[in-house]
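Chains as they are written, first to last, in the numbering used here: chain A, 3 to 162; chain B, 3 to 162. Using N, Cα and C, we set each Cβ at its ideal position, and we do this for glycine too. This one's a predicted model, so the numbers in the text were calculated from it and none came from an experiment. Following: one structure in structure tokens, then a few remarks.
Protein chains: 2
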Amino acid sequence: MPAHTEVARALRDAGLRVTQPRLAVLAAVHDHPHSDTEGLIVAARAELAGVSHQAVYDVLRALTDAGLVRRIQPPGSIARYEARVGDNHHHLVCRHCASIVDVDCAVGERPCLTASDDHGYVIDEAEVVYWGTCPACLAGSPPPSSSDTRSTHHPEGSEP
Amino acid sequence: MPAHTEVARALRDAGLRVTQPRLAVLAAVHDHPHSDTEGLIVAARAELAGVSHQAVYDVLRALTDAGLVRRIQPPGSIARYEARVGDNHHHLVCRHCASIVDVDCAVGERPCLTASDDHGYVIDEAEVVYWGTCPACLAGSPPPSSSDTRSTHHPEGSEP
DNA sequence: GCGAGATCTTGACCGGTTCAAGATAACGGG
DNA sequence: CCCGTTATCTTGAACCGGTCAAGATCTCGC
């Protein structure tokens, strides 16, 4: 988790004004990777009491547009954010508890960027989501209830 | 689009009761690949007037659970469904108009199924989403300005 | 320090999806 | 072929993540 000065610099470099809510939210995203918006609101308020949820939404959008954070949104789950950007990494999602971990692209570079048939589309990104079951859920413990992966509701067994 | 008898058989084989709403919805999914729920409701009502939207939601869930249809849900967009299941194909999504086309996996088999580090997860599926711009949007639509719809995806004119 | 304009607060609102209770009808057994 | 059981459908309303809008506040360049 970078110091405030560093976070502030990142904001300034991105052409964004440096405000308390932005510092708090950006720090929160760094501290809680893969958190949902709700969790980030809580985390941001821990540092800056009273930030409106609307401000958090606005800030997250601004940061996302600026490329400082990345929004990930596994189908069936709500929006989550992470501060790791710029590299070609993907995600591994547990079907049961919706926990997320980072994985680097399987083949090293970015092989999936070339589709077999582009249908005339101009492709600029290939996103990969690995679905599976995490070790905790494999062991039989239904709710891992980690601080980070606190998802409001589980994706009920839509597909085993 | 299969005949009704065929659709009915698919339902029965999946252990589901054969009902009018299910026949209508399943046929609708076959007829309108990549449609959203709203569109499927309309399509289903064209065949069976008066189906409740709730029935369509229930049926879609049942069909999805049974593996007869597949739900796809690009981040920032609403749920869509397709009847092509069982093969290893992926999707190409336009950032501007959210249109979707099918693409087969780039390398033929299923290379993306192996992550570089599985973190102890048991992976059962790798989903690939290609992002880009469709030919129509490339040609006709003059985007309002620079910032593309990356991440904060606006299906249509909700920009300033 | 000052002013213009971006950003935050407050509070209402929206659309997709789900929940709940009762009516209906599909299917297996008699 | 009829009946009872029970999954499924209808109706209607709630829910929830996220957005919109208006006005107050703060940042930053000058």
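At 7 Å on the CB atoms, spell out the chain A contacts of residue i, in chain order.
{"i": "L140/B", "result": "V124"}
Who pairs with residue i in a beta bridge, going by DSSP?
{"i": "S37/A", "result": "Y83/A"}
{"i": "H93/B", "result": "D104/B and V131/B"}
{"i": "R72/A", "result": "E84/A"}
{"i": "V124/B", "result": "T135/A"}
Near residue i, what residues of its chain come up, given a Cβ to Cβ distance below 8 Å and the 5 sequence neighbours on each side ignored?
{"i": "I74/A", "result": "H36, A81, R82, Y83, E84, H93 and I102"}
{"i": "G17/B", "result": "A68"}
{"i": "V20/B", "result": "A10, L13 and R14"}
{"i": "Y59/A", "result": "T39"}
Could you name the residues of the same chain whose beta carbon sits closer than 7 Å to that of residue i, not counting the 5 residues immediately before and after it, in chain order?
{"i": "L25/A", "result": "H6, V9 and A10"}
{"i": "A64/A", "result": "L18"}
If you check the beta carbons only, do residue i and residue j fall under 8 Å apart?
{"i": "Y123/B", "j": "C136/A", "result": "yes"}
{"i": "E129/A", "j": "V131/B", "result": "yes"}
{"i": "V53/A", "j": "L42/A", "result": "no"}
{"i": "H34/A", "j": "A48/A", "result": "no"}
{"i": "W133/B", "j": "V95/B", "result": "yes"}
{"i": "A51/A", "j": "P23/A", "result": "no"}
{"i": "D104/A", "j": "H91/A", "result": "yes"}
Count the other CB atoms, across all protein chains shown, that sit within 10 Å of the CB of residue i; report buried if there are 16 or more and exposed otherwise.
{"i": "D126/B", "result": "exposed"}
{"i": "D89/B", "result": "exposed"}
{"i": "D106/A", "result": "exposed"}
{"i": "V61/B", "result": "buried"}
{"i": "H55/B", "result": "exposed"}
{"i": "V1/B", "result": "Limits of chain B in this structure are 3 at one end and 162 at the other, which puts residue 1/B out of reach."}
{"i": "A138/A", "result": "buried"}
{"i": "R86/B", "result": "exposed"}
{"i": "D38/A", "result": "buried"}
{"i": "R14/A", "result": "exposed"}
{"i": "E111/A", "result": "Note that E111/A scores 49 on pLDDT, short of 50, meaning its location in the model is unreliable; the coordinates nonetheless yield the value given after this. E111/A comes out exposed."}
Give the interface partners of residue i over in chain B, defined as CB-CB distance under 8 Å, in chain order.
{"i": "D119/A", "result": "V105 and D106"}
Note down, in chain order, every chain A residue with its Cβ under 8 Å from the Cβ of residue i.
{"i": "A128/B", "result": "V130, V131, Y132 and W133"}
{"i": "C96/B", "result": "Y123"}
Taking C-beta pairs closer than 9 Å, name the residues in chain A that residue i reaches, listed in chain order.
{"i": "C136/B", "result": "H121, G122, Y123 and V124"}
{"i": "P77/B", "result": "R73, I74, Q75, P76, P77, A81 and E129"}
Excluding the 5 residues flanking residue i on each side, which residues of the same chain have their C-beta closer than 6 Å to its C-beta?
{"i": "D119/B", "result": "none"}
{"i": "P76/B", "result": "V95"}
{"i": "T66/B", "result": "R73"}
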